[in-house]
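Visitor:
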Amino acid sequence: MEQNWAGNVAYQAREVARPRTVEALRALVAERSRVRALGSRHSFSQVADGPGTLVSLEELPDEITVSGEQVSVPAATRYGVLAEFLQERGLALANMASLPHISVAGAIATGTHGSGDTLGSLSTAVTGLELVTASGGLRRLWRGDPEFAGSVVALGALGVVTRVTLSVRPSYEVRQQVYVDVPWAELVGDLWSVFASGYSVSVFTDWAGPAQVWVKSLDAVTLPFEPADGPVHMLAGESVAAVTEQGGVPGPWLDRLPHFRLGHKPSAGAELQSEYLLPRESATEALTRLRAMSPRITPLLQITELRTVAADSLWLSPAYGRDVLGVHFTWKLDVPGVTALLPAVEEALLPLGARPHWGKVFHTTRVAPLYPRWTHFQELRAHHDPDGKFTNPLLDHLTTAP
Ligand SMILES: Cc1cc2nc3c(=O)[nH]c(=O)nc-3n(C[C@H](O)[C@H](O)[C@H](O)COP(=O)(O)OP(=O)(O)OC[C@H]3O[C@@H](n4cnc5c(N)ncnc54)[C@H](O)[C@@H]3O)c2cc1C
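Per my numbering, residue 55 is the first one in the sequence shown, and the count goes up by one each step.
1. Can you name the start and end residues of the beta strand (DSSP E) that G182 belongs to?
2. With N446 and G104 assumed to form a contact (beta carbons below 8 Å), what rounded beta-carbon distance in angstroms separates them?
3. Contact check, D388 vs A211 under 8 Å by CB: the rounded distance?
4. Quick one: grab the DSSP three-state call for H155.
5. Let me know if H437 comes out buried or exposed under the rule of 16 or more other beta-carbons within 10 Å of its beta-carbon.
6. Please report the distance separating the alpha-carbon of G291 from that of V236.
7. Please report the straight-line C-alpha distance between A432 and A208, rounded to a whole angstrom.
8. Does the separation of the CB atoms of A84 and A159 fall below 9 Å?
9. Can the beta-carbon of Y330 be found closer than 9 Å to that of A322?
10. I want to check one thing, is the minimum distance from the CB of T216 to the heavy atoms of ligand 1 below 8 Å?
11. Are L379 and I351 touching if we call contact CB-CB under 9 Å?
12. Return yes when the C-beta of R74 is under 8 Å from any heavy atom of ligand 1, and no when it is not.
13. Name, in chain order, the residues that DSSP records as bridge partners for R376.
14. Here's a check: name, in chain order, each residue in its chain whose Cβ is nearer than 6 Å to the Cβ of T164, leaving out the five neighbours to either side.
15. Using 8 Å for Cβ pairs, my map puts L173 next to A161. What's the rounded Cβ distance?
16. Is the beta carbon of K443 closer than 9 Å to that of R31?
17. Taking DSSP as the reference, what is the three-state secondary structure of F279?
18. Which of the three DSSP states, helix, strand or coil, is assigned to A398?
19. Three or more C-beta pairs closer than 8 Å, one from the region 225-240 and one from the region 269-281: is that the case here?
20. Does DSSP put R80 in a helix, a strand or coil?
21. Identify the residues that DSSP records as bridge partners of R409: which are they?
22. Considering only residues of the same chain and omitting the five flanking positions on each side of V242, which have a CB-CB separation below 7 Å?
23. Check whether the Cβ of N62 lies closer than 8 Å to any heavy atom of ligand 1, and answer yes or no.
24. Nearest CA to the CA of H430: which residue from D441, L316 and T453?
25. Might you give, ordered along the chain, the residues of its own chain that have their beta carbon closer than 7 Å to the beta carbon of W196, omitting 5 neighbours on each side?
26. Quick one, which of A130, R95 and A146 has its alpha-carbon nearest V120's?
27. If T216 and V186 are in contact, beta carbons under 8 Å, what's the gap, nearest whole angstrom?
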C-alpha cells in the first residue's frame with residue numbers, strides 16, 4: 055500500500071481510487087462505505103488515512119478558471135502550478151506555504167499556512183467550495199453561508215472537495231533577505247519588531263545557538279543583523295539549489311514566498327514535522343520553556359521555524375480567533391525518539407493555549423477544549439455524514455477523547 059511523502063505513515067486503506075471524472079467520483083463515493091480524500095500526501099499525521107478507500111483526485115480534469123478576483127481550481131492542483139498560472143495572467147495569491155508541492159484541497163483542509171503578521175492561513179483565501187457528499191451528491195458552499203466557516207478546515211470529514219475558489223490579487227514583487235548568526239537574546243527581546251519587519255518573516259533556530267531570520271518584504275528593508283553572504287539553506291548540508299532566490303533581489307512573489315523551488319526536494323526528505331500555534335501573548339513564555347528544553351530537543355531536531363499567522367474565523371483553524379506564533383519542528387526521522395519527546399513538548403505548550411497543526415505529528419488527543427466551535431463542527435459532521443463514511447481512526451480518537 056502507499057505511504058505519505060515522509061514515509062512515516064503507511065496507509066491502511068484497502069485501495070486508492072483515481073477517478074477521471076466528477077461523475078465517476080460521485081458514483082464511487084455513493085457506493086463505498088468508507089472514503090478518505092487524499093491530497094499530495096505531505097501530511098505527517100494520520101489525518102489523510104482511512105480503513106476503506108482513499109481517493110486521489112489527481113486524474114480529474116485540471117482546468118483552472120479565473121473570474122475577476124477569484125480563481126476556481128480543481129482540488130488536486132498543486133500551489134506551484136496554480137502560482138505559475140496566476141503569474142502568467144498578472145495575478146497572485148496573498149501567501150504561500152514553505153513548499154509549492156502541496157495540493158490546494160489538502161492544504162486548506164488542515165489550515166496550512168505561511169508567515170505574515172497580517173496574512174491568514176492559506177484556508178482564509180477560500181471563498182467557495184464544491185464537494186461530493188456522502189450520498190454522492192454535489193454540494194456548493196460560498197463564504198457567508200452559515201456552514202462555510204466550519205467547512206474549509208474540515209480534515210476531509212465533510213466530503214470530497216472537487217473544486218476550490220480562492221481570492222486572488224494583482225501580481226507583486228517580493229525581496230528575500232536572509233540574516234545569519236542572530237543572537238537569541240536580541241531576537242527574543244525584539245521578537246515582534248522582527249516579525250513586523252517584512253511581509254512574511256521566518257525565524258530558524260536549533261534552540262541552542264544563534265538564529266537565522268528570513269525576511270520576505272515588498273520594499274527594501276534592513277535589519278540590524280548580519281546578512282548572509284550567499285544563498286542559505288535552513289538545514290546544514292542541504293543543497294542551496296533547492297531554495298528560492300535570496301540576497302534581497304526583487305522578483306515575482308511565487309519565486310520568493312515559498313522557501314523551496316517546485317522542481318526540487320523541499321526540506322530534508324528524511325524527517326518528521328510537528329507544529330504548535332500559540333496565541334501571541336504566550337509566545338515569549340513558550341520560547342523560554344522550549345529553549346530550556348534544548349538538551350532534549352536539539353539532538354532530535356533538524357531545525358525549528360517560527361512564523362506568525364493572522365487570526366481567522368474558520369472553526370478548526372489553529373488561528374481561530376487569535377493571532378498566533380507557529381512553533382514548528384523539523385525532526386530527524388526518529389519515530390521512537392520524537393514520539394517519546396512530544397508529550398514533554400506538549401506539557402510545556404498546551405497549557406499556554408497551543409493548538410497542534412493537523413497535518414503534522416502530535417501526541418495529544420484532547421483537542422476539543424482547544425476549539426470553541428468544536429461541538430458545532432461535530433454537529434456539521436453528524437448532519438452531513440451520519441454514517442461516518444468520511445471518518446478515520448485519528449478523527450475518531452479526537453472525537454471520543456475525554
Ligand atoms: C516538506 C514539507 C513542508 C511543509 N511546509 C508547511 C508549511 O510551510 N506550512 C504548513 O502549514 N504546513 C506545511 N507542511 C504540512 C502540509 O502543508 C500539510 O500537511 C498539508 O495538509 C499537506 O497537503 P496535502 O495536499 O499533501 O494533503 P494530504 O496530506 O494528502 O491530506 C491532508 C488532509 O487533507 C484532506 N484532503 C486532501 N484532499 C482533499 C479533498 N479533495 N477533499 C477533502 N479533503 C481533502 C485529507 O483527507 C487529509 O485530511 C509541510 C509538509 C512538508 C512535507
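From the three backbone atoms N, C-alpha and C, an ideal C-beta is built for every residue, glycine too.
Guide: According to the data block:
1. For G182, the enclosing beta strand (DSSP E) covers residues V180 to V186.
2. Confirmed, about 4 Å.
3. Not a contact, Cβ separation roughly 30 Å.
4. Secondary structure of H155 (DSSP, three-state): coil.
5. With fewer than 16 neighbouring CB atoms inside 10 Å of its own CB, H437 falls in the exposed class.
6. If I take the Cα positions, the gap works out to 19 Å.
7. Note that residue 432 is Gln in the sequence shown here, rather than Ala. Cα-Cα distance, rounded: 10 Å.
8. Taking 9 Å as the Cβ cut-off, A84 and A159 do not qualify as a contacting pair.
9. No.
10. Placement of the Cβ of T216 at a distance of less than 8 Å from at least one heavy atom of ligand 1 is found.
11. No; because the gap between Cβ atoms is not below 9 Å, this pair is not in contact.
12. Because no heavy atom of ligand 1 lies under 8 Å away, the Cβ of R74 does not count as near it: no.
13. Its beta-bridge partners do not exist; DSSP assigns none.
14. Excluding residues within five positions, the ones whose Cβ falls inside 6 Å are W412 and G413.
15. Not confirmed; about 14 Å, so no contact.
16. Outside the displayed range of the chain (55 to 456) lies residue 31, so it cannot be described from this structure.
17. F279 falls in the coil class under three-state DSSP.
18. DSSP places A398 in helix when its eight states are reduced to three.
19. Cβ pair count under 8 Å is three or more, so yes.
20. Looking at R80 - three-state DSSP - the assignment turns out to be helix.
21. In DSSP, R409 forms a bridge with L331.
22. The beta carbon of V242 lies closer than 7 Å to those of T338 and L341 in the same chain, with the five residues before and after it left out.
23. For N62, the shortest separation between its Cβ and any heavy atom of ligand 1 does not lie below 8 Å.
24. Of the listed residues, the one whose Cα sits closest to H430 is T453.
25. Excluding positions up to five away in sequence, the list reads T181, G182 and F202.
26. Looking at the Cα atoms, A146 is the closest of the given residues.
27. The C-beta distance from T216 to V186 rounds to 6 Å, short enough to fall under 8 Å.
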